[in-house]
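All remarks here apply to the structure that follows.
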Amino acid sequence: MKRILIIGATSAIANACARAWAEQGCEFFLVARSVEKLELTQADLTVRGAKAVTLYCMDATDFSAHGPMLESCIATMRQIDVALIAHGTLPDQKACEQDVSTALDELTRNGTSVIGLLTILANQFEIQRCGTFAVISSVAGDRGRPSNYLYGTAKAAVSTFCEGLRGRMFKVGVHVITIKPGFVDTPMTQGLGLPVALVAKPAQVAKLILKGIDKGSNTIYVPGFWRFIMLIIKSVPSFIFKRTNL
Amino acid sequence: MSDSLYSWGHYPDKPQSGHPSNWRDDLPHLLEQVSRAYGGTLPYGNGRSYGDSCLASTDHVLCTRGLDRFIEADWEAGTVCAEAGITLAEILAIAIPRGWFLAVTPGTQFVTLGGAIANDVHGKNHHVRGTFGKHVLSFGLLREGQAIVCSASSNMHLYSATIGGLGLTGIISWACIQLIPIRASQINSSVVRFSNLAEFFSLSAELDHQHEYSVAWIDCLAKGRDTGRGVFIVGDHAQFGTLEVGSRSKLRVPFTPPLSLINRLSLQAFNQAYWHVHPGTSKRVRGSYEPFFYPLDRILHWNRVYGRLGFQQYQCVIPDDVADVAMREVLEAIADAGHGSFLAVLKRCGDIKSPGLLSFPLPGASLALDFPQKQGLEKLFLRLDQIVHEAGGRLYPAKDAHMSGGHFRRAYPAWEQLEALRDPSLNSHFWKRVTE
């Protein structure tokens, strides 16, 4: 029975993971912005078998709220076995190009807020000397592409931060897994007209994430074929890559 | 917004734009927004209705599949409440390990809870449990901007209009249902061959009341004295065994072939073989509930085998007093036309009354078969409709893409009550076709 902290608990991928954990009888501390959606999620997980579900309302971009949230989480669960960081948005790249504050807000939401949370969580994990950080990054962070390089920038920062953190936490028995989903059928991607053959279902992605956590993988692409797609994309020379509209 | 949603039969060819709903608390806003922008909509669950009853007259549907959360469960009493977009498979996945099963299940577990109510689906145990609607304790209905709770004791008129109401009375946002207790997830079944329709009726009279589940498969191509030959299948929940959720590996039809793979040749071969592999004397089989209830769920997208033109299912029910004569006429007409399907399903419906206004089953015999869409099908359907109509029977709106308005209105006299309770922002191609 794991004790699980989820930031961005109402996101589709986090929700799918939580359902799979609920069936194992896990205990949850769920963090998200909307209390209504948290309550709907709480009821669902309870019916599915969760041992206990505690809710906490927080906007991840409010850095001053991170500390009290963590204190409340520790007071409730005593220990965190898995911290799943799953909050985020898919920014409108065009809007980010036009307006600096929009760009920086999105960078905060998808990048620095994750770094902030991981920083304070790392200190907690260093004390308990066990547990796993599962951080949802993205294939978008592997290379800057004209269609969404602001999102890519944020996720690249997250991926790199996780890699460094992994090295630090390894020494104290804490594991860090970087999760890079490709296209997933979620509210975040609804209406993008993504190629059907490449779009995975959240439940399928969740299964792979749980497997990666249990196995102690370092970086996983979900589904796995994205590793090969990104390998190709990363190996395209810049003089060609800059001419594409990916 | 996602494009190109169809009904299960892929006929009529009216692609729908889907507007996904993911959260119950966002539903009122979404409904209002879509109705205002497109002049109306219709709830769309998992797209398992065969004809045009799940297609919005505006071609803009509100997809409820994202509403798939459980709300509450009482494992002492066997009741479960969930959002309307959850599938029956998802309910079974948590109910079976706790010793409960759906009181009524249709032939696929991939329908949504809301869809099962809106079509008041029935199953192999209609003769003992009635329809799905009979086991619906209460549900939430969003209509005309208001959230209403309906049950047998509150908002009764909307409760009965919504059960079998084809999604027209409002959007069902959640529902509570009563489950039945089981000791094991296995089904003990027995299978016996019968050589004509008369034998079917005598087997049904003899066996139905002894078993929870009863259904027959018919060789719809057999003619003359073989007319109506088939295989009779009865089953019961096993008293001993394990409580295991089915986990069969799934096959998949990967794409839609340009032409139907179901043709005279393949049909003939299948029907012959299927009849001959089954024993003349009763054979007992024990197996998981999945192949017993959901044989076709094993093959994902099986509807694609009918090619780009799609297919229509013909499902009628004929009252008991004339069932044998009229059913024989129906089967002869089908065999003469040489159309037909792999799985023609014949079942005796019982006399348990549904709370639903427009519920399909009536005491009698129900026949369902699939026909690849092609020229000349209307002629056969016209002939079949005539037989069914004269016998005082009716067709199943959930499967229908052809019945005439006249036939519908005579067979479902309560339609005017449903029309009066219809949410003006909701309408389907089916409803327009049969009421206007």
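In order, the protein sequences belong to chains A and B. Under my numbering, the residues of the first sequence are numbered 1 to 246, in order. Under my numbering, the residues of the second sequence are numbered 1001 to 1436, in order. We put the beta carbon where it would ideally sit given N, CA and C, even for glycine.
About 20 Å separates the beta carbons of Asp-1219/B and Trp-1302/B, which is beyond the 8 Å limit, so they are not a contact pair.
At least one CB atom of chain B sits nearer than 8 Å to the CB of Pro-187/A.
For Ser-1266/B, the enclosing alpha helix (DSSP H) starts and ends at 1264 to 1277. Between the alpha carbons of Ala-1337/B and Leu-1331/B lies a distance of about 10 Å. Counted as a single uninterrupted DSSP element, the alpha helix (DSSP H) harbouring Phe-1200/B occupies residues 1197 to 1207. Counting of Cβ neighbours within 10 angstroms places Gly-191/A among the exposed residues, the total staying below 16.
Contacts with chain B at 8 Å (Cβ-Cβ) do not include Val-53/A.
Annotation: Leu-1261/B to Glu-1090/B spans about 31 Å, alpha carbon to alpha carbon. Between Phe-1200/B and Ala-1368/B, the alpha-carbon positions lie close to 15 Å from each other. In this model, Ser-147/A and Cys-96/A are separated by some 11 Å (Cα to Cα).
In the structure shown, the three-state DSSP call for Thr-1112/B is strand.
For the stretch 1057 to 1076 of chain B, residues whose beta-carbon sits nearer than 9 Å to a beta-carbon of chain A comprise Gly-1066, Asp-1068, Arg-1069, Phe-1070, Ile-1071, Glu-1072, Ala-1073.
At a cut-off of 8 Å, the C-beta of Asp-1025/B has a neighbouring C-beta in chain A. Excluding the 5 residues flanking it on each side, Gln-1178/B has same chain C-beta neighbours closer than 7 Å at Gly-1078, Thr-1079, Ala-1103, His-1135, Leu-1137, in chain order. Glu-1329/B counts as buried, since at least 16 other C-beta atoms from the protein chains shown sit within 10 angstroms of its C-beta.
Met-1403/B is classed as buried because its beta carbon has at least 16 other beta carbons within 10 Å across all chains shown. Each of Gly-1241/B, Gly-1230/B, Phe-1270/B was checked against the Cα of Phe-1194/B, and the nearest Cα belongs to Gly-1230/B. Here Cys-57/A is exposed. Its C-beta has fewer than 16 other C-beta atoms within 10 Å. About 5 Å separates the CB atoms of Asp-1059/B and Gln-1016/B; that is less than 8 Å, so the two are in contact. Closest option to Gly-1241/B, judged by alpha-carbon separation, among Ser-1247/B, Ser-1185/B, Gln-1210/B, Ser-1189/B: Ser-1185/B.
Going by C-alpha positions, Tyr-1306/B is about 14 Å away from Leu-1265/B. Interface criterion not met: the Cβ of Asp-92/A is under 8 Å from no Cβ in chain B.
Within a 10 Å sphere around the beta-carbon of Cys-1316/B sit 16 or more other beta-carbons, which makes this residue buried. The alpha-carbon of Arg-1048/B is positioned some 46 Å away from that of Ser-101/A. Using a CB distance below 7 Å, the part of the stretch 15 to 39 of chain A facing chain B consists of Glu-36, Lys-37, ordered along the chain.
Leaving aside the five residues that flank Arg-1069/B on each side, the residues in its chain whose CB is nearer than 6 Å to its CB run, in chain order, Glu-1083. Taking a Cβ-Cβ cut-off of 9 Å, Ile-1352/B has no neighbours in chain A, whose nearest Cβ is about 29 Å from it. Taking 8 Å as the threshold, the shortest C-beta distance from Arg-48/A to chain B falls below it.
In the structure shown, Ile-1148/B adopts extended strand secondary structure according to DSSP, grouped into three states.
Below the 9 Å Cβ cutoff, chain A contributes Glu-23, Val-47, Arg-48, Gly-49 as neighbours of Ile-1094/B, in chain order.
For Ala-83/A, the enclosing beta strand (DSSP E) begins and ends at 82 to 85. Annotation: the continuous alpha helix (DSSP H) that includes Gln-1386/B extends over 1377 to 1390.
By the 16-neighbour rule on beta-carbons within 10 angstroms, Met-69/A is buried.
When secondary structure is reduced to three states using DSSP, Ala-60/A falls in the coil class, being assigned neither helix nor strand. Closest option to Ser-64/A, judged by alpha-carbon separation, among Asn-245/A, Leu-117/A, Ile-6/A: Leu-117/A. Judged by DSSP secondary structure, Phe-1139/B falls within the beta strand (DSSP E) whose first and last residues are 1136 to 1143.
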